[in-house]
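Right, one structure below, let's go through it.
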Amino acid sequence: MRVIRKTNATILTKSSTYERHIGNSRPWNPFTWKFIQRFEKDGLLNAYGLTNDGVEVNARAIAAACRAGYNVIPNFYSQFAKGQTLAIAETLKAITVYLHHLGHYFWALELNFSCPNAKEEIRKNMEDALACVAAIRFRYPHLCLIGKISVVHPHKFAQELIDAGVNVIHAVNSVPYKMVPPDGPPSPLAAAGGGDVSGGPAFDRAARYNSVLRRRITAPIIMGCGVMHTYDADVYRSIGANAVSICSVVRLKPREAVKIIKRSAA
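Right under this line is the structure:
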């Protein structure tokens, strides 16, 4: 954590929902730890399922981190399975919670439209996502919005998000298991929808998606997924990333994560 504060690297949090949500994996229950497991040499397979304490609790924790000197941007997941109207209403209420607890620290919000382990079909949430972005932009014209998308979204969705009011695209979250070894064995997490792969095994698929995306849009792109070495980050920069995100490497290869962060800050 020292290197994060020293380099002023930005922390994008895991997703909050408006209310407390219990997904597949629950840190307090060892019987659910199977929903996050190692995959191949340097990857993770997960069907985590959005377990979190809700925006009120999480916003207080984010505010404490900001006061401690960290640059933190909250991530919110709009639960469109509840219906578009309620999901958007909860998202707008969540923003008021962030404003209350974070004050001037709250200048940007990442909207997660890519969670693979929720009730929503992410390919079918595009209309809801666009309506949500438009509602936020109408209410909060100066808030920087980051739209996090999936490899299963068509590239045109990114431009539609930008047209609706998103400022930055974050691509991608992770890659569905069935897209990593297309002819491979059934997923160990088949009963939970198959799960998604992050880390090294997902890099090539994510990089191909991002390479095409860069040619389709001019807005800033945070490129991520599969960055396990400094040269992976270099690949993303070479294809036009404005910033690079890391995740699994922090858990699997923390020393390599430090190298990536330091090199990015140099």
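First residue of the sequence shown? That's 272 in the numbering used here, and the numbers climb one at a time after it.
Just so it is clear, CB atoms sit at the ideal spot from N, CA and C, and this is done for glycine as well.
What is the DSSP secondary structure of residue i, counted as helix, strand or coil?
i, result
"Thr284", "strand"
"Glu527", "helix"
"Asn388", "Low local confidence applies: a pLDDT of 49 at Asn388 is under 50, so the model's placement there is unreliable, with the coordinate-based value given in what follows. Residue state, collapsed to three classes: coil."
"Arg297", "coil"
"Val468", "strand"
"Ile275", "helix"
"Asn396", "coil"
"Val521", "helix"
"Ile344", "strand"
"His426", "coil"
"His292", "strand"
"Thr367", "helix"
"Ser535", "helix"
Would you list the one or two residues that DSSP bridges to residue i?
i, result
"Ala442", "Ile420, Met494"
"Asn317", "Ile307, Asp467"
"Pro447", "Asp467"
"Val515", "Met494"
"Ala379", "Cys415"
"Asn323", "His292"
Compute the Euclidean distance between the alpha carbons of residue i and residue j, then round it to the nearest angstrom.
i, j, result
"Val520", "Arg309", "12 Å"
"Thr288", "Leu363", "12 Å"
"Val498", "Gly314", "10 Å"
"Thr284", "Ala332", "11 Å"
"Asn388", "Val422", "For Asn388, the pLDDT reaches just 49, beneath the cut-off of 50, and the residue's location in the model is therefore unreliable, although a value from the coordinates is still provided. Approximately 14 Å, taken between the alpha carbons."
"His373", "Asp454", "Note that residue 373 corresponds to Leu in the displayed sequence, not to His. Those two C-alpha atoms are separated by around 47 Å."
"Asp505", "Val443", "16 Å"
"Ile359", "Ile275", "33 Å"
"Ser535", "Ala461", "37 Å"
"Pro472", "Cys403", "33 Å"
"Asn295", "His500", "29 Å"
"Lys530", "Leu357", "43 Å"
"Pro491", "Val515", "11 Å"
"Ile493", "Pro301", "34 Å"
"Ala512", "Gln430", "16 Å"
"Ala537", "Pro456", "42 Å"
"Pro452", "Leu432", "30 Å"
"Met272", "Leu523", "15 Å"
If the criterion is Cβ atoms closer than 8 Å, does the pair residue i and residue j meet it?
i, j, result
"Ile282", "Asn342", "yes"
"Ala463", "Ala352", "no"
"Cys496", "Ser445", "yes"
"Asp399", "Gln355", "yes"
"Phe384", "Gly418", "yes"
"Pro345", "Leu370", "no"
"Phe347", "Ala334", "no"
"His426", "Arg487", "yes"
"Ala280", "Ile532", "yes"
"Gly465", "Lys449", "yes"
"Leu321", "Ser286", "yes"
"Tyr507", "Asn481", "yes"
"Asp467", "Pro447", "yes"
Comparing the C-beta of residue i with each C-beta of chain B, is any distance below 8 Å?
i, result
"Tyr376", "Looking for chain B here will not work: only one protein chain is present."
Using CA coordinates, which residue listed in the options is at the minimum distance from residue i?
i, options, result
"Phe474", "Phe428, Thr322, Glu311", "Glu311"
"Leu414", "Gly470, Leu432, Phe377, Gly466", "Phe377"
"Ser509", "Trp304, Thr303, Met397, Val483", "Val483"
"Phe428", "Met272, Val368, Ile307, Leu401", "Leu401"
"Arg338", "Thr367, Asp467, Glu327, His375", "His375"
"Val368", "Leu416, Pro525, Phe409, Glu290", "Glu290"
"His424", "Glu527, Met397, Lys277, Tyr411", "Met397"
"Tyr411", "Ile420, Lys395, Cys386, Asn438", "Asn438"
"Gly340", "Gln350, Thr278, Arg526", "Thr278"
"Val326", "Phe306, Cys386, Lys305, Glu361", "Glu361"
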